[in-house]
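Chains as they are written, first to last, in this note's numbering: chain A, 1 to 194; chain B, 1001 to 1194. In this text, a Cβ means the ideal position worked out from N, Cα and C, and glycines have one as well. This structure is a prediction, so every number in the text was calculated from the model and none was measured. For reference, the structure discussed in these notes is given below.
There are 2 protein chains.
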Amino acid sequence: MKLLRDKVISDGIVLNNQVLKVDSFLNHQMDPVLMQEMGKEFARLFAEQGVTRVLTIESSGIAPAIMTALELGVPLIFARKQKSLTLREDIFTEKVYSFTKQETNEVTVSKKFIHATDRVLIIDDFLANGEAAFGLARIVEQAGASVAGIGIVIEKAFQPGGKNLIEAGYRLKSLVRIAGLEDGQVQFVEVDEA
Amino acid sequence: MKLLRDKVISDGIVLNNQVLKVDSFLNHQMDPVLMQEMGKEFARLFAEQGVTRVLTIESSGIAPAIMTALELGVPLIFARKQKSLTLREDIFTEKVYSFTKQETNEVTVSKKFIHATDRVLIIDDFLANGEAAFGLARIVEQAGASVAGIGIVIEKAFQPGGKNLIEAGYRLKSLVRIAGLEDGQVQFVEVDEA
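Right, here's the structure in full:
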């Protein structure tokens, strides 16, 4: 997605070989027009998948996901993240480990909102090791529903999440794929490889 | 806002005299068309205020706030909530107490994203005691910026937040104002009182 790629080039900050900071347009300050265009692009990419619900995880996934849900004309559910959890029968829950924060969170979704007939599109802002995406997919599968696809805003293609999701059989589409962050520069995966 | 009021009547669940559950359309599952209409209504209500930025707090405020920012053509910033915090010079921080969760969080915004010249519209999903709204307003004021207004999706008008914000001089607009939750029923503040 050219608009997003241009924004990464102009406003992204390479902190080191692993970390790209995008807090000026994606995960602290947000550009609403960019969010709307992302929503349109995700809706286009998954138009044929019979999506009935969009699922994301708080907090940075919510804005691109609500725009996607609006374009597709379906509800959005955002999963909650919490440190610890009292066992409850009315929620689906999965443990998700964050390499960035080096902590495990319980990710939860109310059983009221995903049904066995649903085709769920998972949206998230970043894909690195794929822990969050796999956790959300397991929640969809707990519900007996199917994963219609996984849409990612920025994929760090030098980390294993994308490869692992595709090998597990998921339909993965990333708006921008980053090959590396060497020498303070963002290297993109060439479009024809994507 | 009639659409929202109708949704509260049809889909809100009164848990007790204090708690209205709206997780089917506002703070867990979200109706994207309703979010868009809320964004349009907030943009209309604050059209004359010269808003340059919208500010909300993760997580449930993000969807109505991004729609408002889109309508107004300005960026959105969402404040982060965390339990504890290492002191850092590059962020504004305020303590916010949650009566619902009975815990105090540090609410943070990067100093990069609010400037002294900004007119900031604060958006949040619920107003009860006003702790979050006052915390966000103090962050705006720390930046030397001005609060253009405070837009709330659902105000529990039987709790003191609304009255206190107005007495403190803030321009407060709530899309729906609830007078009480007695006998398992939602009582609304009559429109001509709003």
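Classified as buried, residue 53 of chain A has 16 or more neighbouring CB atoms from the shown chains inside 10 Å of its CB.
DSSP places residue 70 of chain A inside the alpha helix (DSSP H), whose first and last residues are 62-72. In this model, residue 49 of chain A and residue 145 of chain A are separated by some 13 Å (Cα to Cα). Flagged as an interface residue toward chain A: residue 1028 of chain B, by a C-beta distance shorter than 7 Å.
In the three-state DSSP reduction, residue 1126 of chain B falls in the strand class (E or B). Not flagged as an interface residue toward chain B: residue 37 of chain A, since no C-beta distance is shorter than 7 Å. Residue 108 of chain A sits close to residue 93 of chain A, with the two beta carbons spaced by under 7 Å. Residue environment analysis places residue 1160 of chain B among the exposed positions, since fewer than 16 neighbouring C-beta atoms fall within 10 angstroms of its C-beta. None of the residues of the stretch 1124-1145 of chain B has a beta carbon lying less than 9 Å from any beta carbon of chain A. Looking at the DSSP output, residue 167 of chain A bridges to nothing. At least one CB atom of chain B sits nearer than 7 Å to the CB of residue 63 of chain A.
At least one beta carbon of chain A lies nearer than 7 Å to the beta carbon of residue 1113 of chain B. Proximity of chain A to residue 1058 of chain B at the Cβ level (cut-off 9 Å) is accounted for by 58, 59, 60 and 62, in chain order. The three-state reading of DSSP puts residue 1114 of chain B in coil, since its state is none of H, G, I, E or B. Under a criterion of Cβ atoms nearer than 7 Å, the residues of chain B adjacent to residue 66 of chain A are, in order, 1030, 1032, 1035, 1063 and 1066.
In this structure, the CA atom of residue 135 of chain A is about 13 Å from the CA atom of residue 164 of chain A. For residue 1153 of chain B, the secondary structure class from DSSP, reduced to helix, strand or coil, is strand. In this structure, residue 57 of chain A lies away from residue 43 of chain A, with their beta-carbon atoms at least 7 Å apart.
Here residue 147 of chain A carries a strand assignment [DSSP, helix/strand/coil]. In this structure, the beta-carbon distance from residue 66 of chain A to residue 55 of chain A does not fall below 7 Å.
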